[in-house]
Structures are given as structure tokens and as C-alpha cells.
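To start, the structure under review is shown below, and the notes come after it.
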Amino acid sequence: MEMRYELYCRADPVFYDAPRAGEAAGPDFEAAGRPVPAGWTRTRQGDWVVCRPPAVSPPDQGWKIHVSARLDDAAEILDRTAAYCFGRRLTFKFLRSPAVLHLRDGKYADPAASGKFIAVYPGDERELEAVIGGLTEALDGLRGPDVLSDLRCGPAPVHVRFGAIAERQCPSPDGRPVPALRDPDGVLVPDVRAASFTPPPWVPLPGFLRPYAEEAERAAAVLPYVPEAVLHLTNGGGVHLARDPRTGEQVVLKEARAHAGLDALGADATARLERERAALERLAGLGVAPALRDDVTAGRRRVLVLERVAGEPLDRAFAARYPLGGARPGDLAAYVDWVTGICAAVEDAVTVIHENGLVHGGLTPGDVIVRPDGGVTLVDFERAAPVGEAADVEPPLGLRPGLSGLDADRHALACLRLALFLPLTELFALDAGKAAELADVIRRLFPVPEAFVRPAARVAGRGPRRKAPETTGWRQMRASMADAVLASATPGRDDRLFPGDPAQFARPGAGLGLAHGAAGVLYALHATGAEVRPEHERWLVERALRAGGDVPPGFFDGLHGVAHTLARLGHREDALEVVETVAARPWRDLGPGLYGGLSGIGLNQICLGALDDALETADLVAARPPRPGAPAGLMHGPSGAALLFLRLFEKTGDARWLDEAERAIRDDLRRCVRQADGSLQVNEGWRTSPYLGGGAVGIAWVLGDLLHYRPDPDLAAARARLDLAARAPFYLQPGLFAGRAGIIAYLCRDRAGGWGREDPEAARQLAALSWHAVGHEGHLAFPGERLLRLSMDLATGTAGVLLAAGAALHGEPAGLPFLGGAMPAHPLRRPSTTVA
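Just so we're aligned, residue 1 is where the sequence shown starts under full-length UniProt numbering, counting upward by one.
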């Protein structure tokens with residue numbers, strides 16, 4: 001699981017929300033409200049408080065200093081650092097409150113930002129050297145975590161790195177905007193925030209920093225193990241595969257950084273590692289946990305050296321064996337035998353742990369190693385504690401409130417029994433009643449004894465209920481989903497109108513866009529004939545018109561998508577004004593993708609009646625072939641460009657665009673691999689994807705359009721194999737871009753195109769949406785990605801499910817812009833005005 005989802009679960013039990021809206025709402029540091037010296041300015045920028053002296057401006061890029069702080073030392077560190085900067089007229093900024101600092105240093109926080117409590121901006125290298133010396137002296141004896149991207153300058157929590165200071169962006173290799181530096185040739189390049197100190201190649205290390213770099217190298221060399229692979233990284237440390245050169249044994253290194261990776265109770269990664277060490281020592285020789293080989297302290301890091309248990313994690317073994325993930329189900333009886341055997345072995349191991357006075361405290365399939373002999377070994381004991389002390393350990397996400405100790409382990413074992421048949425047990429935190437419901441589904445799908453799943457459902461099903469209402473027919477379904485969306489609206493907030501994926505907090509204005517913001521929700525409501533409230537339209541119009549330069553210009557992530565929605569809703573003048581703000585910005589440097597790049601902008605230009613501009617944009621796209629490592633598929637890959645080229649062919653009749661579309665589709669097909677069920681799916685490196693946004697069916701959809709104009713037997717055969725990816729009994733998530741809703745939209749593509757045909761598979765996939773359905777305020781709603789919270793957005797949540805159901809059932813079939821049927825036309829023209 002991406003750790004950001006855990007972070008965004010803390011603020012609200014129902015929806016993903018920004019941490020600052022929940023936990024981080026505590027009091028600010030006293031320094032945030034204290035008067036500043038005469039002539040200085042103090043401003044708020046999100047969670048930061050910025051202090052600037054008169055007539056002093058830091059450079060656009062250069063060396064900057066980061067000061068970290070342990071929570072107990074933070075106020076004193078801030079007071080001393082502020083006094084030093086005020087006295088020397090140095091621009092600086094700091095996190096506004098202890099709660100925000102806790103989140104930034106938290107277990108699931110972004111490692112690239114962790115530890116950065118205060119930033120100080122010297123004017124040049126001479127001042128840099130003086131400030132490092134002054135702050136090191138001022139903060140002597142105080143403590144803070146290491147900043148991973150920086151070089152630590154001695155024992156005080158003072159760090160440096162060379163990076164961007166002014167807000168500038170450039171495209172990353174996959175075309176997404178990222179913070180940028182200007183290289184010696186004047187070209188903007190990504191400002192890489194690596195997990196180690198890595199200055200840009202053209203920036204020499206000043207001589208006064210070399211002793212600190214040599215000290216860091218000596219600290220790294222303390223461990224007498226040769227690293228071989230990274231298994232897992234968190235903000236508190238990491239898990240690495242390594243080899244002991246003295247014995248040749250392969251071992252696992254579990255690292256913890258002091259004062260970093262804080263949990264909700266304030267315990268850092270080293271405290272959790274100490275719990276793990278104590279548990280492994282108690283369980284030594286019992287065959288249920290890896291052996292502890294060594295315990296090493298290296299500077300501010302502590303490392304446990306563990307036996308590498310032969311075998312594979314249960315989550316990986318499950319993915320390889322699961323019989324419902326393809327178009328042709330596997331041997332169900334053999335799979336049931338395997339699951340019952342695995343569960344018996346895991347339950348026996350947990351019993352041994354309990355008999356020795358401990359609870360595991362956080363068991364998931366990833367914590368189970370399936371050995372070659374068929375037995376199991378449990379790993380990850382950082383939540384393990386004596387039975388009587390388990391309530392003092394932070395419970396895992398998804399555990400119902402008040403559950404701890406032996407009951408928590410029993411709940412985890414019950415969830416395991418169900419998850420190995422239907423891996424949807426995260427839903428139990430939203431609606432415990434799903435346990436019994438999914439047990440019934442499991443009994444219909446698998447030849448498993450009721451005595452195996454029914455007791456597990458009773459244990460896992462104790463907790464809050466949010467039962468989804470039963471709906472009959474399209475009108476009831478549409479009304480219920482629309483009511484859930486409207487009930488969730490928060491018009492008093494500026495950052496978002498409808499709750500959705502954490503991506504809506506990733507950058508300013510992300511709560512406006514089509515994928516994760518208000519525009520996408522209003523688009524889905526309008527396209528399916530549901531109610532769109534005038535106050536919600538006004539919310540979008542007002543915020544779109546005052547959107548600043550930080551809001552991306554793209555279609556699914558930014559202003560072009562907002563303008564498209566406003567035009568569909570009848571706000572043509574407002575849409576034109578939004579588009580004109582994009583025209584004045586350097587959008588032509590974007591990547592070629594549909595989601596946030598040039599292909600999406602070009603398609604919208606066609607809709608807005610600016611065909612000449614669309615042709616110019618398409619020329620830019622055609623001149624930018626995919627970069628190595630760039631994503632595949634519809635939203636971020638070449639198929640999005642192919643969609644633009646096809647729509648231009650339809651407008652112009654120029655066969656050049658068919659050539660470009662075919663080239664792009666063939667680029668995407670090279671990223672696909674054949675599966676055991678015969679399907680062709682996108683190879684993402686760590687998994688294969690069937691989905692609409694980045695997987696097989698998105699490519700198949702565009703390829704089908706290409707074949708309509710240019711028949712080709714090889715491409716037709718590839719499309720038939722891609723199409724098989726839409727016929728599996730099980731999909732993990734319900735969403736439109738990466739879940740079952742996108743599969744349904746694809747299956748109904750010909751109906752949306754006006755051909756009057758509907759794939760019979762669509763009915764089965766529509767019925768299976770009920771597996772994910774959860775109630776909200778008595779209405780029908782759906783969880784977002786990772787299934788941990790409800791979402792109302794288009795890409796991941798209820799609005800996307802509504803749109804997909806509308807593609808199948810609405811009288812005028814609904815669909816995503818540009819896919820299926822004639823291009824919608826919303827020409828926006830003023831006299832003598834060019835629309836970009």
C-alpha cells in the first residue's frame with residue numbers, strides 16, 4: 001500500500017482528508033504569532049510560516065539549510081533559529097504547529113519532506129558556511145531526525161542541500177510537473193529529492209562541507225554487510241536484503257532512524273524496532289519468527305539483522321495463485337485446499353505466539369512467509385507486545401476502535417480467511433456488515449465449507465454498519481448515488497467541494513479538476529441526468545476564475561478539464577476566461593499524455609472549436625516519442641496520444657494522423673505481456689494491469705477506434721487479447737480509472753458510440769459492483785483506491801461508478817470525454833481571439 005493513503009485516513013473515519021484538517025488542527029508554535037522585527041514580513045503559505053527581512057531576496061536556487069527537530073525540542077529549536085535569523089537578516093520559514101511537524105515526521109509521511117522543520121536561505125556560499133557554523137553552535141545539544149535528501153553538518157540537527165528556492169516546474173520523465181532547477185545551459189531540469197545527499201552533477205561540493213560528507217561515508221561503512229536489494233522503504237527507515245561477507249549468508253536488515261517515522265502515539269521507528277527485538281528474542285527457536293542475527297547501532301540508525309526466511313510473502317503467493325483474476329477461472333477446489341492449509345498454519349503460528357505471552361498486533365498477508373515446505377513464518381513484529389501491554393501500541397489501520405491484544409489478532413485471522421477468497425476486507429472498517437455479505441459471495445464463487453467462512457465473518461463483522469441501500473433499476477441507482485455525492489459536499493471549504501482521493505490535496509487547485517475534483521463530479525452528474533446544484537456550479541466557477549499559476553493546465557488534472565465541464569454546464573464565458581488564463585502560460589512544455597499533458601489539451605481544443613490550435617498541439621505530441629520508463633496506457637501513455645490523432649483524422653480526413661495513431665498504439669502494445677488466461681495486459685514492472693486508465697482496456701478502446709478506420713489482422717488479434725482483460729470475475733477496486741467501473745464503461749463502449757450494441761458481460765460486472773457498495777447517509781456510495789475510505793470523485797469513487805452505470809443504463813449513454821461517439825462541441829469564440 002502507498003503510505004500516503006494511511007496518512008490521509010487519520011483525519012476522518014469516512015473520507016480521505018488532508019491531515020491538517022484533522023490531527024494538525026492543534027495550536028501553533030508561539031513563534032508563529034510573535035511580532036517580527038521592524039520592516040520584516042511574515043506570511044502563511046499552507047502549513048508554512050515565512051519570515052522575510054526588508055530588501056533581501058534569496059536566489060532562485062542554491063544551497064539551503066534545513067533544521068530538523070524532535071517534538072520535545074521543537075519549540076526551543078524554533079526560538080533559537082528564529083533569533084539567529086532575525087539577527088542576521090536571513091529569510092527563513094518553519095512549520096506552523098507541533099501537530100504539523102508530527103505529521104511531517106510521521107510513519108507514513110513523504111520521506112522527501114520528512115525532517116524539514118525550518119528552512120533557512122543564505123545568499124551565497126560564504127554566508128552558507130557562516131550560517132552552518134552559527135546554527136550548529138546555537139543548537140548544540142538539541143536533537144532532530146536526519147533529513148534524507150540532505151547532508152547533516154555535525155551532531156546538531158542542521159542539514160544542507162542544493163535545490164530550488166523559487167517555485168519553478170518542469171516535466172518529469174513521465175510528463176508530470178515537478179519542482180525544477182535551471183542547469184548551466186539554462187534548461188529547466190527536475191530538482192530530485194533523493195533518499196540520500198545527491199547534489200546536481202554541475203554543482204561542486206564546497207570545501208567546508210567535505211568533512212561532513214566524509215563523516216557520513218564513515219557512518220555508512222559501520223555496517224559489515226553488503227546491501228543487495230531494497231525490499232521496503234518508509235519514513236522511519238527501510239528493509240533491505242544484504243549478505244554477510246564473513247559467512248556468505250543472505251540476511252535481512254531492518255533499519256530504524258532515530259526521531260523519525262512517528263506513529264500516532266509519538267513512538268519513533270527505533271522504539272518500534274526495540275519492540276520487534278524483544279519479541280524475536282522471546283520467540284527464538286519456536287519456528288514462528290525469523291532468527292535475530294545481530295543488533296547494530298550506526299550513528300542515529302539502529303539496525304536489526306534477521307535471518308532471511310526461504311519462501312515468498314503470502315500476498316505474492318496469493319497473487320500468483322488466485323483463480324478469479326483472469327477471464328478463465330483456475331482450479332477452484334485445489335485453491336480452496338491451499339487456502340485452508342495456509343490459514344491453519346498461520347493460526348497455529350499465532351497460537352504459539354499467544355502461548356508465549358505476546359500478541360502480533362498487525363498481521364496482514366504481507367507478514368506471512370510461505371516456506372517451500374508448506375509451513376509459514378511470521379515477520380514484522382514492530383507492533384508485537386506482551387498481552388497486558390498491547391493497548392499501549394498504535395493499532396493498525398482498519399482495526400475497529402477499542403480492539404486490541406488477543407482480540408486484534410483474532411480479527412486479523414478472521415479477515416485472512418475471507419481475504420484469500422475475496423481480498424476486500426479493508427471494507428470492514430467502513431461497514432462491518434460487509435463481512436457476512438462477502439462470506440455469502442465467497443460461498444457462491446468457491447467450493448468452500450460454510451464452517452470455514454461463517455465463523456470468520458462473525459468475528460470480522462463486529463463493528464459499525466453503513467449498509468448500502470438496495471436499489472432496483474437505473475433511476476433508483478442514479479438517485480441514490482447522486483444523493484450520496486450531494487450529501488458529502490463541503491461548499492464551505494476552498495480546497496475541495498467533494499471528498500475524493502488524496503491526490504486532490506497534492507497541489508493547489510487539485511480539488512477543482514476532472515479526475516479528483518469538483519469538475520469531475522459535476523461532469524458525471526450532468527452526463528447521467530442527475531441533479532447539479534447551482535451553488536456547486538458557482539463554487540467551481542468562482543475558484544476556477546481565481547485559480548493561480550500553481551493550478552496545472554491539463555485536462556484531467558487542471559484547468560482545461562475545468563473549462564470543458566463549465567462549457568458543458570452552459571458557463572461558456574467563464575470557460576473561455578479559464579482557457580485564456582492557460583494560453584498565457586508555458587503549457588507547451590508539458591509531456592504528451594492525456595491526463596495532464598498535451599494530448600488532453602489538444603482534444604479539448606477540438607471541442608472548443610480551436611482546430612488550428614489542436615493541430616499545432618498534435619504536432620508537438622507527435623514530435624515527442626515516449627521516454628524510457630514512461631507509463632503505458634490511456635491516461636499517461638501513448639494511447640492517449642493515439643486518441644488525439646484519431647479525433648484529428650475524423651475532423652480533417654488527413655491519413656497522416658492515422659499513421660501517428662497506429663505508431664502510438666504499437667508503442668503501447670510493446671509494453672503489454674501475455675497472461676495465463678490468454679489476455680494481453682500492461683506490464684507495470686511489479687504487476688500487470690487490465691484497467692482503463694493505465695491498462696489493457698484503455699488501449700483496447702482506442703485500438704478499436706483505429707481498427708474501424710484501418711483494419712489490420714495483427715492489431716485485431718491484439719485487441720481480442722486485450723479485450724479478455726475485461727472478463728475476469730474479480731477486480732480489486734470499483735473505480736473508473738483503475739477498477740470495475742472502467743471495465744463496465746469499456747464493455748458498453750459501442751452503446752455509447754451509438755451503435756446500439758452492449759456486451760453481455762456488462763450485466764455481470766454491473767451486478768458485482770454490489771461487492772464494493774457501502775452506505776453514506778442512507779445512500780449508495782463506493783470506496784476509493786485502497787478501499788480504506790469512501791470517495792466521491794470521478795477517477796476513483798462514486799462519481800466514476802455513476803458514470804459507468806450511466807454508460808450501461810442511461811437513455812443517452814454517458815461516458816468520458818473524447819471516448820466513444822462523436823466529439824462533443826462546445827465552441828468558445830470571441831471576436832479576434834485565439835483559443836489556446
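For each residue, glycine too, the CB sits at the ideal point set by N, CA and C.
Between the CA atoms of residue j and residue i - distance to the nearest angstrom
i	j	result
residue 811	residue 683	37 Å
residue 521	residue 805	14 Å
residue 644	residue 561	15 Å
residue 450	residue 424	19 Å
residue 21	residue 268	Confidence is the limiting factor: at residue 21 the pLDDT is only 44, short of 50, which leaves the residue's position unreliable and the question unanswerable from this model.
residue 409	residue 295	27 Å
residue 133	residue 194	25 Å
residue 519	residue 538	11 Å
residue 191	residue 164	7 Å
residue 446	residue 767	18 Å
residue 809	residue 763	10 Å
residue 602	residue 83	52 Å
residue 254	residue 319	25 Å
residue 187	residue 622	22 Å
residue 626	residue 655	22 Å
Under the three-state DSSP convention, the category residue i falls into
i	result
residue 254	strand
residue 16	coil
residue 817	coil
residue 446	coil
residue 65	strand
residue 182	strand
residue 535	helix
residue 165	coil
residue 292	strand
residue 467	coil
residue 303	strand
residue 22	Residue confidence is low: residue 22 scores 44 on pLDDT, short of 50, so the model does not pin down where it sits. No coordinate-derived value is stated.
residue 748	coil
residue 368	strand
Test: residue i CB closer than 8 Å to a CB of chain B
i	result
residue 69	Among the chains of the structure shown, chain B does not appear; only one protein chain is present.
Residue i, buried or exposed, once every other Cβ within 10 Å from all chains shown has been counted against 16
i	result
residue 817	buried
residue 890	One cannot answer for residue 890 here, as it falls past the ends of the chain, which runs 1 to 836.
residue 686	exposed
residue 485	buried
residue 662	buried
residue 276	buried
residue 681	buried
residue 506	exposed
residue 367	buried
residue 759	buried
residue 735	buried
residue 198	exposed
residue 789	buried
residue 159	buried
residue 499	buried
residue 52	buried
Unbroken alpha helix (DSSP H) run spanning residue i, endpoints
i	result
residue 606	598 to 607
residue 156	Premise fails: residue 156 is in no alpha helix (DSSP H) and is neither H nor E.
residue 565	559 to 568
residue 645	638 to 652
residue 98	98 to 104
residue 220	210 to 220
residue 765	761 to 768
residue 89	Neither: residue 89 is in no alpha helix (DSSP H) and is coded neither H nor E.
Boundaries (first-last residue) of the beta strand (DSSP E) holding residue i
i	result
residue 779	779 to 783
residue 119	118 to 121
residue 230	226 to 234
residue 51	48 to 52
residue 351	Premise fails: residue 351 lies in the alpha helix (DSSP H), 332 to 355, not in any beta strand (DSSP E).
Cβ-Cβ separation, residue j to residue i (assumed contact under 8 Å), whole Å
i	j	result
residue 302	residue 273	6 Å
residue 697	residue 722	7 Å
residue 436	residue 428	Not a contact, Cβ separation roughly 10 Å.
residue 261	residue 234	6 Å
Near the ligand FAD: residue i beta-carbon under 7 Å from a heavy atom
i	result
residue 345	This structure lacks the ligand FAD; in fact it carries no ligand of any kind.
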